[in-house]
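Step one of this worksheet: look at the structure below.
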Amino acid sequence: MSKENACAHRLEYVRKPILPTVFCPGCGGGTVLNVLVHALDEERVDQKDLVAVTGIGCASWLPSPYLKSDTLHCTHGRAIPFATGVKVQKPELQVMVIAGDGDLSGIGGNHLIHAARRNIGLKVFLVNNFIYGMTGGQVAPTTPIDTRTATTPYGNPEPPFNIAQVVAAAGANYVARWTTYHAFQLKSAMKKAFATPGFTFVEIISQCPVSYGKSTKQDAVQMLQDFKDRSVPFEKSCGMTEDELEGQIVVGELVSRSRPEFTTVLEQVREKAQEEDK
Ligand SMILES: Cc1ncc(C[n+]2csc(CCOP(=O)(O)OP(=O)(O)O)c2C)c(N)n1
Ligand code: SF4
Ligand SMILES: [Mg+2]
13 MSKENACAHR
23 LEYVRKPILP
33 TVFCPGCGGG
43 TVLNVLVHAL
53 DEERVDQKDL
63 VAVTGIGCAS
73 WLPSPYLKSD
83 TLHCTHGRAI
93 PFATGVKVQK
103 PELQVMVIAG
113 DGDLSGIGGN
123 HLIHAARRNI
133 GLKVFLVNNF
143 IYGMTGGQVA
153 PTTPIDTRTA
163 TTPYGNPEPP
173 FNIAQVVAAA
183 GANYVARWTT
193 YHAFQLKSAM
203 KKAFATPGFT
213 FVEIISQCPV
223 SYGKSTKQDA
233 VQMLQDFKDR
243 SVPFEKSCGM
253 TEDELEGQIV
263 VGELVSRSRP
273 EFTTVLEQVR
283 EKAQEEDK
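If you read the sequence shown in my numbering, its first letter stands for residue 13, the second for the next number, and so on.
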């Protein structure tokens, strides 16, 4: 396939017109969408079998309106319950959730850990920009300690969630973390997330030069440089102390395993119930 044809092929996953996008200049959202479309294409995910579910926030504009598949743009924090309903009714579909850190780990945090515990076959991509971006920069459960935000003008007193570790501990089959600086590694992780049965989760550290940039006084390029400089491979991080890991971004694959997928288990229960109720 020529380069031009390959590009046209990937664009089939995207609703047109895409420009102008809703994203601010320098936002990581464009990179995330670009990488996602490459992953969908290379994994040969059929658009007719794909349901993209999201909540509310800048990251939630990624699947809806931009992905040309069935999309559910749901209420803030409730993407996973909606996606769970779809997957339970139609287990044969590829059900993907893509939303922000506030959406999935703040208001929707309980849904996230229980979906991971059940190991239901959702493909979840959490775009972590360390802030409530769309609403102007309020503190999120992922905001680093001491950061000055719109709602923590004297510095954030709360330590942040290590959300990939939380999801891994809850029982997901696959968990990885990359940043928008690591586009190729991120694509590989997304492909593996699509290919692995069960609950799969990729945390994507992404730059928000507007709402989070107000706090860090960095532009998009400085943020990407910072992601590069602060990244530590997961394997190396295992030999480091908590103090040494302070302020670092651990990247790579945290978990890859094969616990039973929830809708398969549910089907077995259904068959058992029918047998016992005869
Ligand atoms: C129930 C409810 N509470 C609050 C809001 C307001 N709200 C909309 S988006 C958002 C935060 C978005 O942050 P995040 O999910 O991290 O997405 P980002 O914009 O950073 O990509 C909030 C608080 C809402 N729409 N609904
Ligand atoms: S506010 Fe931040 S996350 Fe939202 S579009 Fe602008 S740069 Fe991107
Ligand atoms: Mg956010």
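The C-beta atom is built at its ideal place from N, Cα and C for all residues, glycine as well.
Would you give the residue range spanned by the alpha helix (DSSP H) that residue i belongs to?
| i | result |
| --- | --- |
| residue 286 | 274-288 |
| residue 42 | 41-54 |
| residue 96 | 91-101 |
| residue 125 | 121-130 |
| residue 198 | 195-207 |
Give the DSSP bridge partners of residue i, in chain order.
| i | result |
| --- | --- |
| residue 140 | 217 |
| residue 161 | According to DSSP, which records beta bridges pairwise, residue 161 is partnered with nothing at all. |
Would residue i and residue j qualify as a contact pair, given that the criterion is a beta-carbon distance under 8 angstroms?
| i | j | result |
| --- | --- | --- |
| residue 158 | residue 145 | no |
| residue 134 | residue 107 | yes |
| residue 49 | residue 26 | yes |
| residue 119 | residue 191 | no |
| residue 263 | residue 160 | no |
| residue 207 | residue 104 | no |
| residue 215 | residue 246 | no |
To the nearest angstrom, how far is it from the Cα of residue i to the Cα of residue j?
| i | j | result |
| --- | --- | --- |
| residue 70 | residue 281 | 39 angstroms |
| residue 273 | residue 288 | 23 angstroms |
| residue 113 | residue 279 | 32 angstroms |
| residue 44 | residue 141 | 12 angstroms |
| residue 271 | residue 137 | 20 angstroms |
| residue 89 | residue 79 | 20 angstroms |
Of all Cβ atoms in chain D, is any one closer than 8 angstroms to the Cβ of residue i?
| i | result |
| --- | --- |
| residue 125 | Absence of chain D from the displayed structure is noted, only one protein chain being present. |
At which residues does the beta strand (DSSP E) containing residue i begin and terminate?
| i | result |
| --- | --- |
| residue 175 | Counting along the chain, residue 175 falls outside any beta strand (DSSP E), though it belongs to the alpha helix (DSSP H) covering 175-182. |
| residue 265 | 261-268 |
Q) Using 8 angstroms as the threshold, is the segment 84-99 in touch with the segment 28-39, meaning 3 or more CB pairs across them? A) In this structure the segment 84-99 does not lie against the segment 28-39, because fewer than three pairs of beta carbons, one per stretch, are closer than 8 angstroms.
Q: Could you say if the segment 196-215 and the segment 232-240 meet the contact criterion of at least three C-beta pairs nearer than 8 angstroms?
A: Taking 8 angstroms as the limit for Cβ pairs, the verdict is that the segment 232-240 does not touch the segment 196-215.
**Q.** the segment 243-254 / the segment 223-232 touching (three or more Cβ pairs under 8 angstroms)
**A.** No, the segment 243-254 does not touch the segment 223-232.
Q. How about the segment 118-134 and the segment 88-97: do they share at least three Cβ pairs that are nearer than 8 angstroms?
A. Short answer: they touch.
Q) Counting Cβ pairs closer than 8 angstroms, one from the segment 145-154 and one from the segment 182-192, do we hit at least three? A) Flag = no, the segment 145-154 and the segment 182-192 do not touch.
Q.
When you compare the segment 62-69 with the segment 108-125, are there three or more beta-carbon pairs, one atom per stretch, that lie closer than 8 angstroms?
A. Cβ pair count under 8 angstroms is three or more, so yes.
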